[in-house]
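**Q** Would you mind keeping the following structure in view while I ask a few things?
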Amino acid sequence: MLNEQDFRKRLSSAILQLRYKNKYSIEKLAELSDTDYSSVSLIENGKQSPKSYTLYKILAALKVDIFSQIETKTDSKSKQGLENRLIQYIKTLDEEQMLALLDFLDTFILTSKNPINL
1471 MLNEQDFRKR LSSAILQLRY KNKYSIEKLA ELSDTDYSSV SLIENGKQSP KSYTLYKILA
1531 ALKVDIFSQI ETKTDSKSKQ GLENRLIQYI KTLDEEQMLA LLDFLDTFIL TSKNPINL
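Numbering (the numbering used here), first residue to last: 1471 to 1588.
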């Protein structure tokens, strides 16, 4: 288990990497997460531990679904769990990948024994 200082350091590094990956300025991250700039800056610099809801908002703005990370195996095998996993995968696709998936689904549905009419 990390002590608080190490936690803040690792969290700040992860948030900074995700912000760079998403090509967001700190101002943009603050805007998207509905969090004030100074709080995001303090968290990102490891000087402040975020409240849980603030962390949730920042991660959501960075396109990180923390709930998908803690989904149980039972949930992932249920119909709702499978739908949630599928939705999460689809959200990560770029436009070209989505078009390829749609082409695949069109072919799959047309060749299945019980075609679906959409």
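The C-beta atom is built at its ideal place from N, Cα and C for all residues, glycine as well.
Quick check on the DSSP output: the alpha helix (DSSP H) that includes Tyr-1559 runs from which residue to which?
**A** Along the sequence shown, one-based indexing puts residue 1559 at 89. First-last of the alpha helix (DSSP H) with Tyr-1559: 1549-1561.
**Q** Give every residue of the same chain whose Cβ lies closer than 8 Å to the Cβ of Ile-1528, excluding the five residues on either side of it in the sequence, and list them in chain order.
**A** Here residue 1528 refers to the residue found at position 58 when the sequence shown is read from its first residue. Taken in chain order, the residues that qualify are Ile-1485, Leu-1499, Ser-1503, Thr-1505, Val-1510, Ile-1513, Pro-1520.
**Q** Within 10 angstroms of the Cβ of Ala-1570, are there 16 or more other Cβ atoms? Answer buried if so, exposed if not.
**A** Numbered from 1 along the sequence shown, position 100 holds the residue referred to as residue 1570. When all chains shown are included, Ala-1570 counts as exposed.
**Q** So, Leu-1677 versus Leu-1488, is the Cβ gap smaller than 8 Å?
**A** Here the chain covers residues 1471 to 1588 and nothing more, so residue 1677 does not appear.
**Q** Throw me the rounded Cβ distance for the Lys-1567 and Ser-1538 pair, which I believe falls under 8 Å.
**A** Mapped onto the sequence shown, residue 1567 falls at position 97. Mapped onto the sequence shown, residue 1538 falls at position 68. Contrary to the premise, residue 1567 reads as Gln rather than Lys in this sequence. Between Ser-1538 and Gln-1567 the Cβ distance is about 18 Å, and since that is not below 8 Å, they are no contact.
**Q** Please state whether DSSP places Lys-1479 in a helix, a strand or coil.
**A** The sequence position of residue 1479 within the sequence shown is 9, counting from 1. Helix.
**Q** Kindly indicate which residue of Glu-1501, Gly-1516, Ser-1495, Lys-1491 has the alpha-carbon position closest to the one of Arg-1478.
**A** Residue numbering aside, residue 1478 sits at position 8 when the sequence shown is read from its first letter. Comparing Cα-Cα distances from Arg-1478 to each of Glu-1501, Gly-1516, Ser-1495, Lys-1491, the minimum goes to Gly-1516.
**Q** If you reduce the DSSP assignment to three classes, tell me which class Met-1568 lands in.
**A** Along the sequence shown, read from residue 1 onward, the residue named residue 1568 stands at position 98. In this structure, Met-1568 counts as helix in the three-state DSSP scheme.
**Q** Between the alpha carbons of Phe-1578 and Asn-1554, how many angstroms are there, rounded?
**A** Reading the sequence shown from its first residue, position 108 is the one you call residue 1578. Reading the sequence shown from its first residue, position 84 is the one you call residue 1554. Distance between the alpha carbons of Phe-1578 and Asn-1554: 21 Å.
**Q** Helix, strand or coil: how does DSSP classify Leu-1472 here?
**A** Here residue 1472 refers to the residue found at position 2 of the sequence shown. Annotated three-state conformation of Leu-1472 is coil, per DSSP.
**Q** Roughly how many angstroms lie between the CA atoms of Glu-1474 and Lys-1549, to the nearest whole one?
**A** As a working note, residue 1474 is residue 4 in the sequence shown. As a working note, residue 1549 is residue 79 in the sequence shown. Between Glu-1474 and Lys-1549, the C-alpha separation is close to 38 Å.
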